[in-house]
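Notes follow once the structure below has been shown.
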Amino acid sequence: MRKLILYTVLFTCMSQIHVNAQQDAQSSLYFFNPLNYNPAYAGSRGSLNFTAINRAQWVGWEGAPRTQFLSIHAPIMKKHLGLGGNLSYDRVGVRTNFTLMANVAYHLEFKHSDWKISMGLSGGIQSSQYDFNGLTVIDPTDYNYTTSNQVKAPNFGTGMYAYSKNAYVGFSIPRLIQRSLDTLSNSTLQRHYFLAAGYVHHYNSVLDIKPSVLIKFTENAPVTVDFNLSAHFYKQFWAGIMYRYRESIGMNFSYSPTDSWTFGYAYDFPINHLRFNNWGSHELYVAFDLRSKQAAFVSPRYF
1 MRKLILYTVL FTCMSQIHVN AQQDAQSSLY FFNPLNYNPA YAGSRGSLNF TAINRAQWVG
61 WEGAPRTQFL SIHAPIMKKH LGLGGNLSYD RVGVRTNFTL MANVAYHLEF KHSDWKISMG
121 LSGGIQSSQY DFNGLTVIDP TDYNYTTSNQ VKAPNFGTGM YAYSKNAYVG FSIPRLIQRS
181 LDTLSNSTLQ RHYFLAAGYV HHYNSVLDIK PSVLIKFTEN APVTVDFNLS AHFYKQFWAG
241 IMYRYRESIG MNFSYSPTDS WTFGYAYDFP INHLRFNNWG SHELYVAFDL RSKQAAFVSP
301 RYF
């Protein structure tokens, strides 16, 4: 019974979030993994890149969201084309969402400028499943709780990404197909729109300042805005603060011991009605760039 109550409360909270805000898995380190929401990012780093993120949200709540992101991408054809793939696994209470996508992007260079622009497409599959094992329900014979409940459907996305050594701006629609979320309700996965931008200001030889923002919006829902302000010390250490509009505040850190490896951590705490009875959210990040000696960077990649 305790699990039923907890999952009911959690599902109600998450349903409210889905109705009023976003349906995609949350990440406070979005600026480290743009491929998750914009296929045009594929190949933009100029090297083979692997990224993994693990997020534990609302620690202390049984059945709270647990999310993993994996992505890999690289440039080909003299870096004019980028290929990549990404997957996400998101578990909330009794529901599990799984997404697997392939990405392709074409990159255009501008003469007499370090700016480039890319256009990307993605295609793959999304799956939603309920697991009622371990739950105590009022009516054990209820058909909805005694049968397998799973929805699988194809998905396609698109995006644009303009970037230079010191700035970027991108717009994407990672889900073009609107579909039913599950067979237990009338919920529908809506089409979401992402607008991201960032800039690096080289203050001196020791310190770089990087503000960034991610805006997410969908029809009939409030806009969600993530702000982040980071300081980069000695080209190796990141320390930042974040604010998710009317939802949470937090901090993040990263360390790059070499030109290839980066490790990061983020913590955020809700400031809305969900701030009670949980210890906030934790996120771990690791990335690896495989670069040739000819392509070794004199300065680090910021995006």
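Residue 273 in my numbering sits at position 273 of the sequence shown; the count goes up by one each step and never skips.
Where a beta carbon is used, it is the ideal one built from N, C-alpha and C, also for glycine.
Burial state of residue i, where buried means 16 or more other Cβ atoms lie within 10 Å
i    : result
T258 : exposed
M1   : Here the model assigns M1 a pLDDT of 41, short of 50, so the residue's position is not dependable and the matter cannot be decided.
Y302 : buried
A21  : Any reading at A21 needs caution, since the residue's pLDDT is 44, under 50, leaving its predicted position unreliable; the model's value is listed next. Answer is buried; the Cβ neighbour count reaches 16.
W261 : exposed
L4   : Confidence at L4 is low in this model, with a pLDDT of 41, below 50, so its placement is unreliable and the value that follows should be read with caution. It is exposed - the Cβ of L4 has fewer than 16 other Cβ atoms within 10 Å.
G82  : buried
I76  : exposed
F276 : exposed
I177 : exposed
A153 : exposed
T51  : buried
V223 : exposed
Y30  : buried
L189 : buried
L274 : buried
V382 : Only positions 1 to 303 of the chain appear in the structure, and residue 382 is not among them; the question remains open.
H192 : buried
N272 : exposed
N228 : buried
G60  : exposed
Contact belief for residue i with residue j at Cβ below 8 Å, rounded distance in angstroms
i    : j    : result
G124 : A74  : Going by Cβ atoms, the distance from G124 to A74 rounds to 18 Å, so no, they are not a contact pair.
N97  : G85  : Not a contact, Cβ separation roughly 17 Å.
Y285 : F110 : Not quite, the Cβ-Cβ distance comes to about 31 Å (not below 8 Å), so this is no contact.
G46  : K79  : 6 Å
S71  : L121 : Actually they do not touch by this definition, with Cβ atoms about 16 Å apart.
CB of residue i within 8 Å of CB of residue j, strictly
i    : j    : result
A40  : G159 : yes
N252 : S28  : yes
V94  : F69  : no
L87  : L290 : no
N149 : Q126 : no
V206 : F233 : yes
I209 : A231 : yes
Y37  : S172 : yes
Y130 : S118 : no
S248 : G264 : no
Closer than 7 Å: residue i CB and nearest the ligand ATP heavy atom
i   : result
F98 : With respect to the ligand ATP, the structure offers nothing, as it holds no ligand at all.
Chain D contact for residue i (CB, 8 Å cutoff)
i   : result
T67 : The chain labelled as chain D is not found in the depicted structure, where only one protein chain is given.
Original post:
When the Cβ atoms of the segment 191-198 are set against those of the segment 209-217, are three or more pairs found closer than 8 Å?
Top reply: The segment 191-198 is in contact with the segment 209-217.
Original post:
Quick one: any contact between the segment 268-280 and the segment 237-251, if contact means 3 or more CB pairs under 8 Å?
Top reply: The segment 268-280, when compared against the segment 237-251, does touch it at the 8 Å Cβ threshold.
**OP:** Only counting runs of 3 or more residues, tell me where the beta strand (DSSP E) segments fall wholly within the segment 37-63, in order along the chain.
**Re:** The DSSP assignment places complete beta strand (DSSP E) segments of no fewer than 3 residues inside the segment 37-63 at 48-56, in order along the chain.
Original post:
Just checking, does the segment 275-286 make contact with the segment 60-75 on the three C-beta pairs under 8 Å criterion?
Top reply: A contact is defined here as three or more CB-CB pairs under 8 Å, and the segment 275-286 meets this definition with respect to the segment 60-75.
**OP:** Check whether the segment 162-178 touches the segment 102-122, taking contact to mean three or more Cβ pairs, one atom from each stretch, closer than 8 Å.
**Re:** By the Cβ test, the segment 162-178 is in contact with the segment 102-122, since at least three Cβ pairs between them sit closer than 8 Å.
**OP:** Taking only runs that begin and end inside the segment 77-165, name each unbroken beta strand (DSSP E) of 3 or more residues, in chain order.
**Re:** Fully enclosed beta strand (DSSP E) runs of 3 or longer: 81-92, 95-109, 116-130, 149-163.
Original post:
Curious, which full-length alpha helix (DSSP H) runs of at least 4 residues does the segment 219-263 contain?
Top reply: DSSP runs (the alpha helix (DSSP H)) wholly in the segment 219-263: none.
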